[in-house]
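Protein chains in written order, with my numbering: chain C, 1 to 369; chain E, 1 to 555; chain S, 1 to 329; chain Y, 1 to 306. Notes for the one structure printed next.
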Ligand SMILES: Nc1ncnc2c1ncn2[C@@H]1O[C@H](COP(=O)(O)OP(=O)(O)OP(=O)(O)O)[C@@H](O)[C@H]1O
Ligand SMILES: Nc1ncnc2c1ncn2[C@@H]1O[C@H](COP(=O)(O)OP(=O)(O)OP(=O)(O)O)[C@@H](O)[C@H]1O
Ligand SMILES: [Mg+2]
Ligand SMILES: [Mg+2]
């Protein structure tokens, strides 16, 4: 019942929230005795000041696109999937299995199979919480948290037993050379542009495609229509003959698959082997990305790049000053806090402002019945 | 600060400083001046003034959404007014919260009860009015006092029963006892009879009379003109957030009140020809529904609806009518046998959903358009496809054909005179009546063989009511079957060709509108189907404690 | 496995169950009042850090304890602000709090001590030392001297009951106190009511906001104790992310316990036991199958899912849990 | 300008990383030089961190710990002009020097001391992550103890199977308690940051402990029997000193190179009797001369005495 224009909702408010989060982060930097402006300058320069910076920024962004879309899709059905972390871990496992055990003749075939493997394993890991939510009403937030822990236990177990490569570290063998994805530097070199070495690879394009497909799914297909309707009102969905079980299951499977796709970037694109922790909290960053992006793929893409820059900038910051990398975790927490939990702190006054402004200027009332 | 002058805030303690008192010299128990309140863009109360004399019953009537509950909630400190002042027994009193209202001697029974479901009656009564930090002494004292109160006012309840095990009528008693326990001498009741049978309502009014005789002041909100005429001393009428009149009940008539309420002359009867019933479209045999808590909501319902007739189901809210519509509409599962056009339909399993029902020619106007019938954040055009979104005409391959849906929407908006005629407006920004028109347009234009209609005119203004009634009758006249559920007896009486009454998940019997009256239907609604004999209060009392009622259903 | 080993595992169970128990009771107060709290982990973590940091700086574990509690209270207030005052999403707020704690603690630790996100090791009055119950040492000595089989039982006293830090005993005491407060006092009645139907509390003239803040603060206090015990009782100093998911296990225990204090004790002891067993044995050999350690550690999480699935009785949370109390839309 | 990549657990782990850090600091103090340093926070960062070091021109780049092996194998060929040094791991690349310590020899010495100090006839070992490297410690320790007392009981536990095991003092403490319950009165911790918990618990429960890597005697004066020193500091110092001239290949540091040893200082003087000293000195000579052969677990992934 707010009279706030749409642009305020999708642009103004997230921006104000972001500014607040950054201001508070700046205060934290001051608190630990550093110059926040200088820190900011280092981060910006580190993240977007060179092709090296861009490479890493977009590499991280690719991870966040997948996990952000995963959270966003589930949000449309009013499902809060905080299991992105575990789903991405399992997705990574799927990608690793595909790369390790099938002799691929060419990276493109391997990529296609890895996409299938990552999505399948990610979706499978979301399936049980989804089923329990749909059929037994077990709260998906709690079950997905639990599944994150179970996933990491499972991965540890596999990496110290059947999948372990010879050597001491809990990791798999390196993937065959044929599964190596083209890196940005390779692609740019082919067209004569000099691009620094970075792990940015073709998965980024897969991420962009995923954004477009998710947009199509949510706003153009029947399934997306049903997902949104279900998310808005469960009784209405029942009235319309939209099956609750189907929507919860399908949405979570899509969400888990998207999270699982992260594996193609992190595992196949960069590490070329499965480690114990490939996800590095990206599942959780997805929450912040989705909140900031207001659940829209374009928003998710922009927010993912912002967080990618934050991660890369944070790494540079740690390298150049004594501000530890945890600074990014703090900024991320503050973004989640301000855009997610404290949203009304900004929204209430802003919508009141618009209301007052709207009252002063007499708007033509549409005729009642 | 709670409020000023607690010690002088009792009956007759202070002289009324305000001029313009009525001749009898007494100070009003309650006086509100210039109360305004808006919820975001909705102005629920506009500059309202009202005064109520001590020891009287004051009625407030008005359409749905007129702002009655809001006003009373302000008086009770539940909402904070944007402007205005409150005087209790002549003293200006700030009521920032319910604590202040309680201290000022005000008690309120909300339209949607405010009880903790898994607490006992006793715990609910003492909640917030405990005597000390420890619970046990408070509970013991309350038990004694409760017994005293229930003897005094014939308000018997079982102190150790859990609220969730009690019927609606009983729960209402708990609410009244709560107020009395807090020694309220001003009692506000917001639509107390909406969930009661006529007999239960009679009992309530006897209690209110007793309270009044003791000198307590009562404010009664109701939609029912008859109750106003029979019980109140004075009555105020609200319309669209404003107080349009306050009159002595003795000086007015139902017709005048109705006109004040809606702002023009009202015609409550529907013009329609006699029904021409044909072959049965819907045949229901021994239909049963058990809800998620394991309570049997329908206990073997059998009925027929034929082509070209309207079967009205009357009953107090919460007696299984909603479940009947839901199970027929495919929103919940049931057991029994249901035939549509002679063919059985699945009552369980994947083919018992609403989508399958629509394919079988069943249209459904749900009871709660905002919760069920519409997606409030979807545009009008998205809502027009709602439920029929897999219609091939609305789709092109895997994608939805938005242009086709919008074109269809424009046509329906024009035909049903939805205002504003804007397919790109979100459903929540249409008024209640226009929202209902969107639902009706969507369902009726599909030309269903059987139309399920629940509360078609709830919260809809009088102009739209007439339009909606006409559309329903027109559908009947095309030879369709219509099953109508409404808690408004007037609506049932005027629209139905046959009337069945539901009580506690069973049909109590069927009547023709021409051969029955509200009194008889009222008794049936209380579960007393034998119209010949006498009915003692004990029988009504037993039904009152039935846990089938569900006052929260519509909230 | 001999009797003494069993006693030792149980002894370890007690130590490991206590942080879970404090956190679980913390969650109990909060959730009973309708505020879902997945930020227990974060509150424990800040409390662990500040208690260890202040104890290291001042040499007094009691000052450390106070600091830990204060830090947890501040985080509790943030959660309250988000979920009560600004009616935000409680889950999201909890997620944010966990991240904030995880980042802040390392950041500040690095700034204060530059020891890679840890505090200096605590010793002497800087940490909670174990308390020997009267006669425990004598009995242990007697046991060691006399190899008589009957003496074994005395180990229950000198090994299991005696020799814990004061916070362990406080933790056990907190269970009956919680029960009493919830079910025998006016405050408890109101607290439970506000988690079931805040509207009823509001219209009964009691402030929903104040009650919920009270609950959230009690939650802060108890999670503060949990964190302080972890860093200054169980361990001797703070290490990065030292809570290691205990906040989530506490949440799991809360569900397991169906939001009841005495059951909470049982659930926490069970989960503590699982941890103790997995500490002790890297592989659990059940004859037919061997359970790898990773799965023993994951067992609390698996059990919680099973409970949530309703296979072992249904856990019905407080009805108004997770939703902000909104009067005016 | 040399570079140092400090491994998970942090530079103040009082043990392995700290030893490396100390070596680097000593180099700074003595030469007035400057070096680049960065601390890993997670497994998956290894590659970016190494690359950044190399790209920024650090030379040589010293990485600590066996966990870097596979990453370095991948990274080193990309930077042929940069020299890398890996400690505790073997990478066969033309620009990598691999430094390996004979931890089994040092452990043998402290095993002897433990057996001599034990009154109960049971000593114990708490390892970090369950990897062959740690078994190498454990096996040397057991051999040393058995050499003194063939009937001695040796209890052995690991804190875990993942890198988290290096940083779990609480679990390490619980394991120590369990070992004490089994009769142990001297415990050797080879568990990185987790060792803090072992030493703490041993001090609390009034038994003796043995530190590892760095000299940890000072942590609980009078309670730490000795420390098995592994001179990572010297290795780092030497690498920094050699600079770009460092030779590729495998470099094994044993007792004779002063790469491993045991520590005596003012904190444990009173615990180390002359008898212990002479026995150990004798053994050191024996090992150096090849007279005593201490079995290296990693040579065949087995331990003959366990
Ligand atoms: N809590 C609220 N937040 C926002 N709007 C509200 C709220 N309560 C009521 N309103 C709006 O205020 C107006 C008046 O509502 P109110 O409940 O006072 O009407 P009423 O006269 O009691 O109607 P009814 O007969 O249906 O009970 C309506 O438009 C309603 O939608
Ligand atoms: N949030 C809104 N944004 C835009 N227009 C609105 C909004 N809310 C209400 N309106 C418009 O204000 C007018 C009055 O709305 P309201 O809900 O008060 O109608 P009403 O008088 O109750 O009518 P009805 O009897 O049909 O319910 C309607 O024309 C509606 O379109
Ligand atoms: Mg009302
Ligand atoms: Mg209206």
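Heads up, the beta-carbon is just placed ideally off N, CA and C, and yes, glycines get one too.
Near ligand 1: residue i beta-carbon under 6 Å from a heavy atom
i, result
"residue 429 of chain E", "no"
"residue 70 of chain E", "yes"
"residue 17 of chain Y", "no"
"residue 258 of chain E", "no"
"residue 464 of chain E", "no"
"residue 39 of chain E", "yes"
"residue 64 of chain E", "yes"
"residue 237 of chain E", "no"
"residue 67 of chain E", "yes"
Euclidean distance between Cα positions of residue i and residue j
i, j, result
"residue 157 of chain S", "residue 182 of chain Y", "18 Å"
"residue 50 of chain C", "residue 309 of chain C", "12 Å"
"residue 299 of chain Y", "residue 94 of chain C", "34 Å"
"residue 10 of chain C", "residue 281 of chain E", "50 Å"
"residue 149 of chain E", "residue 129 of chain E", "16 Å"
"residue 105 of chain Y", "residue 165 of chain C", "28 Å"
"residue 286 of chain Y", "residue 102 of chain Y", "15 Å"
"residue 59 of chain S", "residue 126 of chain S", "5 Å"
"residue 184 of chain E", "residue 102 of chain E", "7 Å"
Given residue i as reference, the closest of the options once Cα atoms are compared
i, options, result
"residue 176 of chain S", "S:61, S:88, S:244 and S:266", "S:266"
"residue 91 of chain C", "C:320, C:258, C:294 and C:346", "C:258"
"residue 326 of chain E", "E:452, E:29, E:240 and E:51", "E:452"
"residue 66 of chain Y", "Y:83, Y:16 and Y:126", "Y:16"
"residue 62 of chain E", "E:377, E:221, E:72 and E:47", "E:221"
"residue 195 of chain S", "S:211, S:204 and S:185", "S:211"
"residue 197 of chain Y", "S:286, S:121 and S:24", "S:121"
"residue 161 of chain E", "E:418, E:153 and E:174", "E:174"
"residue 41 of chain C", "C:313, C:329 and C:332", "C:313"
"residue 235 of chain E", "E:98, E:50 and E:517", "E:50"
"residue 205 of chain E", "E:472, E:57, E:340 and E:425", "E:57"
Cβ-heavy atom distance, residue i to ligand 5, below 6 Å
i, result
"residue 237 of chain C", "For ligand 5, the structure offers nothing, since it holds only ligand 1, ligand 2, ligand 3 and ligand 4."
Of all the alpha helix (DSSP H) runs that stay within the bounds of the stretch 102–177 of chain S, which reach a length of 4 or more residues?
-> Listed in chain order, they are 136–145.
Between the stretch 348–376 of chain E and chain C, which residues of the former have a C-beta closer than 8 Å to a C-beta of the latter?
-> Listed in sequence order: 350, 353, 354, 355, 356, 357, 358, 364, 366, 368, 371, 372, 373, 374, 375 and 376.
Positions along the stretch 260–280 of chain S whose CB lies within less than 8 Å of some CB in chain Y = For the stretch 260–280 of chain S, the residues whose beta carbon sits under 8 Å from a beta carbon of chain Y are, in order, 276, 279 and 280.
Listed in chain order, which residues of the stretch 395–412 of chain E have Cβ atoms closer than 7 Å to some Cβ of chain C?
-> So the list reads 395, 398, 399 and 400, given in the order they occur along the chain.
Sequence ranges, alpha helix (DSSP H) only - wholly within the stretch 220–275 of chain E, length at least 4 = Within the stretch 220–275 of chain E, the complete alpha helix (DSSP H) runs of at least 4 residues fall at 225–231 and 254–262.
In chain order, each beta strand (DSSP E) run of at least 3 residues that lies wholly inside the stretch 270–334 of chain E | Counting whole runs of 3 or more residues, the stretch 270–334 of chain E contains the beta strand (DSSP E) stretches 280–290, 296–306 and 309–314.
Residues of the stretch 188–218 of chain S with a CB closer than 9 Å to any CB of chain C: list them in chain order, please.
-> Within the stretch 188–218 of chain S, no residue qualifies.
Name, going along the chain, the residues of the stretch 145–179 of chain C whose beta-carbon falls closer than 7 Å to a beta-carbon of chain Y.
-> Contacts with chain Y (Cβ-Cβ distance below 7 Å) from the stretch 145–179 of chain C involve 156, 160, 167, 168, 169, 170, 171 and 174, listed in chain order.
Unbroken stretches of the alpha helix (DSSP H), 4 residues or longer, contained in the stretch 373–412 of chain E = As far as the stretch 373–412 of chain E is concerned, its whole alpha helix (DSSP H) runs of at least 4 residues are 380–384.
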